[in-house]
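Once you know that position 234 of the sequence shown is 233 in numbering that gives the first Met the number 0, the rest is easy, because the numbers rise by one and skip nothing.
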Amino acid sequence: MISQSQLQKLESCPGGPLQILPLVDSATGLGAGEQGLAPPTLTLSLAIPTYNEGKNIGPLIQRLTALLDVALPNDYELIVVDDDSSDLTWQQALALTATCPQLRVMRRRGERGLSSAVIRGWQGARGQVLGVIDADLQHPPEVLIDLLGAIQQGADLAVGSRHVDGGGVSEWSLTRRVLSRGAQTVGLLLLPRVVGRVSDPMSGYFMVRRAAIAGPLLNPKGYKILLEVLGRGNIGPIAEVGYVFQERQEGASKVTWRQYIDYIHHLLRLRLGGQFMQLHQRFPMQRFVRFGLVGLSGVVVDMVLLYLLHSTLGWPLTRSKILAAEVAILNNFFWNDAWTFADISMLQRGWPARLKRLLKFNLVCLAGLVLNVLVLNVIYNLVFGQRWAYAANLIAIAVVTFWNFWLNLKLSWRVTQVK
Ligand SMILES: Nc1nc2c(ncn2[C@@H]2O[C@H](COP(=O)(O)OP(=O)(O)OP(=O)(O)O)[C@@H](O)[C@H]2O)c(=O)[nH]1
Ligand SMILES: [Mg+2]
0 MISQSQLQKL ESCPGGPLQI LPLVDSATGL GAGEQGLAPP TLTLSLAIPT YNEGKNIGPL
60 IQRLTALLDV ALPNDYELIV VDDDSSDLTW QQALALTATC PQLRVMRRRG ERGLSSAVIR
120 GWQGARGQVL GVIDADLQHP PEVLIDLLGA IQQGADLAVG SRHVDGGGVS EWSLTRRVLS
180 RGAQTVGLLL LPRVVGRVSD PMSGYFMVRR AAIAGPLLNP KGYKILLEVL GRGNIGPIAE
240 VGYVFQERQE GASKVTWRQY IDYIHHLLRL RLGGQFMQLH QRFPMQRFVR FGLVGLSGVV
300 VDMVLLYLLH STLGWPLTRS KILAAEVAIL NNFFWNDAWT FADISMLQRG WPARLKRLLK
360 FNLVCLAGLV LNVLVLNVIY NLVFGQRWAY AANLIAIAVV TFWNFWLNLK LSWRVTQVK
């Protein structure tokens, strides 16, 4: 059991955007101070992500402190970020703080994953140099000293590598070696300028200068935090230090096929990131797709009602069509309000606001109908020379879909300042 005083040392995990801030500049007072008083800075903060590493955490902390107490006395911190492990790793780590004052422990709930755990740890860190090491002793702690040395000699990033002199893997199966190299090759093909900068882009053992990654929003997926650092950081000189990836002695691996899928996803996101974000900012694609799907549901409603009113009940065609179209518009409004633009409707609750949106939506759709007829006529008569009426109608529908979407986006579900 841990004591009450130890429990008080337990830290909650930073929240908000995944972003590292610069440390406060004592001369100008600018930097992380916006978030509160700046704590004194240290040379090194080492994040240790853990998930069910209860048996490893003790020996690891012991080896790390033995090394760093000599290399950086009182000038480093170890930050365990535990994702609320079922084996209570965080409690075991907390118990170690009694003999290890440099140790900090964060218990994270509500968020999971190796890469984001590392960033959360760095967000709460006070070091000028930010590092990461696995908790299962597969990364030999002694290599830290060389990594630190490389940074002190001017590198922005120092990577523990299995693929340079002095590096390797201990007893990996052929399948694992092939998968690891295969993943690296895919990375080189998709993202040569990022992945190609280091010999071991899959490494989870490295240190980076805070200044080189402070600022940009980070968005890592899966296990490969180094990709994110290389892809989004402003990384100048890079050093590599060989190390032999040890066999896990205790606890179980958390690697599954999921990590390989996440890796490809991460590569694609970094590759397309810039272009995709720009496009997304200019055109809200996801909303448009939803709007289109809702529109299709409206066509079904319209058709079914027209059939019921006209063919089954024998109503005149025009009257049936007007009612069917209006019900379809109501159907579309309901789904767009609840799904396509749900985030905006949430900000503008209440019946008066909803009725206002419905009225605008109705007007835009009616205007769209008039436009539809006009465009159909122009294309059919002037462009296609009175041929291909259905092709002309398809084009008219496409034009009006954009019209409806854009006007409703700008008028009906406009983002207003809500007090
Ligand atoms: N906080 C946190 N840590 C994690 C999570 N998944 C893995 N870890 C930790 O990240 C480190 C690396 O995970 P491992 O499962 O050992 O992955 P690996 O070293 O690539 O693979 P193995 O050789 O199979 O061990 C270990 O310290 C894990 O405890 C997670 O979801 N959250
Ligand atoms: Mg491991």
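Ideal Cβ positions, reconstructed from N, Cα and C, are used throughout, including at glycine.
Limits of the beta strand (DSSP E) - the one that D81 falls within: Sequence index remark: in the sequence shown, residue 81 carries index 82 (1-based). Where D81 is concerned, the enclosing beta strand (DSSP E) stretches over Y75 to D81.
Residue list, Cβ distance to ligand 2 heavy atoms smaller than 7 Å: After applying the 7 Å Cβ criterion, the set is D133, D135, Q137, R247 and S252.
Cβ pair count under 8 Å reaching 3, the stretch 43-57 against the stretch 126-134: Because the criterion of three Cβ pairs below 8 Å is met, the stretch 43-57 and the stretch 126-134 touch.
Within 8 Å, strictly: CB atoms of C12 and R176: As a position in the sequence shown, residue 12 is number 13, starting the count at 1. As a position in the sequence shown, residue 176 is number 177, starting the count at 1. Not closer than 8 Å, so no.
6 Å CB neighbourhood of M206 in its chain, flanking five on each side removed: Stepping through the sequence shown from its first residue, residue 206 is reached at position 207. Once the five neighbours on either side are set aside, the close Cβ partners of M206 are V128, G130, L146, I150 and A157.
S310, DSSP secondary structure in three states: As a first step, residue 310 must be located in the sequence shown, where it is residue number 311. Three-state result, S310: helix.
In chain order, each beta strand (DSSP E) run of at least 3 residues that lies wholly inside the stretch 97-133: 102-106 and 126-131, all fully within the stretch 97-133.
Own chain residues within Cβ distance below 8 Å of V298, not counting five before or after: By one-based count along the sequence shown, residue 298 stands at place 299. The residues are A327.
Which of helix, strand or coil DSSP assigns to L22: As a position in the sequence shown, residue 22 is number 23, starting the count at 1. Coil at L22, not helix or strand.
Residue(s) in a DSSP beta bridge with G167: Walking along the sequence shown from the start, residue 167 turns up at place 168. The partner list for G167 (beta bridge, DSSP) reads V243.
Near ligand 1: V254 beta-carbon under 7 Å from a heavy atom: In the sequence shown, residue 254 corresponds to position 255, counting from 1. Flag set: Cβ of V254 near ligand 1.
Euclidean distance between Cα positions of W334 and F290: Working through the sequence shown from its first residue, we reach residue 334 at position 335. Working through the sequence shown from its first residue, we reach residue 290 at position 291. Going by the C-alpha atoms only, they are around 9 Å apart.
DSSP-derived helix/strand/coil call for E33: Along the sequence shown, one-based indexing puts residue 33 at 34. Because E33 sits at a pLDDT of 45, beneath the cut-off of 50, its placement in the model cannot be relied upon, and the point is left open.
V377 (DSSP reduced to helix, strand or coil): As a first step, residue 377 is located in the sequence shown; it is residue number 378 there, counting from the start. Correct three-state label for V377: helix.
Burial state of Q34, where buried means 16 or more other Cβ atoms lie within 10 Å: Start at 1 with the first residue of the sequence shown, and residue 34 comes out as number 35. Residue confidence for Q34 is low, a pLDDT of 47 falling below 50, so the modelled location carries little weight; the figure read from the coordinates is stated next. Under this definition Q34 is an exposed residue.
8 Å Cβ cutoff met for A502 and Q5: No answer is possible for residue 502: it lies beyond the span of the chain, which begins at 0 and ends at 418.
Reduced DSSP secondary structure (H/G/I, E/B, other) of E10: By 1-based counting over the sequence shown, the position of residue 10 is 11. DSSP places E10 in strand when its eight states are reduced to three.
Buried or exposed (CB count within 10 angstroms, at least 16 for buried), L36: What you label residue 36 is simply residue 37 of the sequence shown in a count that begins at 1. In this prediction, L36 scores a pLDDT of 46, lower than 50, which makes its location untrustworthy; the coordinate-derived value is nonetheless stated afterwards. With fewer than 16 other beta carbons inside 10 angstroms of its own, L36 counts as exposed.
Contact the stretch 348-360 vs the stretch 397-411: 3+ CB pairs below 8 Å: yes
Any non-hydrogen atom of ligand 1 closer than 7 Å to Y50 Cβ: As a first step, residue 50 must be located in the sequence shown, where it is residue number 51. Under cutoff, so the answer is yes.
Residues bridged to V158 [DSSP beta-bridge criterion]: Indexing the sequence shown from 1 puts residue 158 at position 159. Answer by DSSP bridge pairing, in chain order: F205 and E239.
Through-space distance from L67 to I78, alpha-carbon basis: In the sequence shown, residue 78 corresponds to position 79, counting from 1. In the sequence shown, residue 67 corresponds to position 68, counting from 1. Distance between the alpha carbons of I78 and L67: 14 Å.
Cβ shell of D261 (< 6 Å), same chain only, five flanking positions each side left out: Against the sequence shown, residue 261 aligns to sequence position 262. Closer than 6 Å at Cβ, skipping near neighbours: K220 and G221.
In DSSP terms, what S84 is bridged to: For this step, residue 84 is matched to residue 85 along the sequence shown. Partner(s): none; S84 has no beta bridge.
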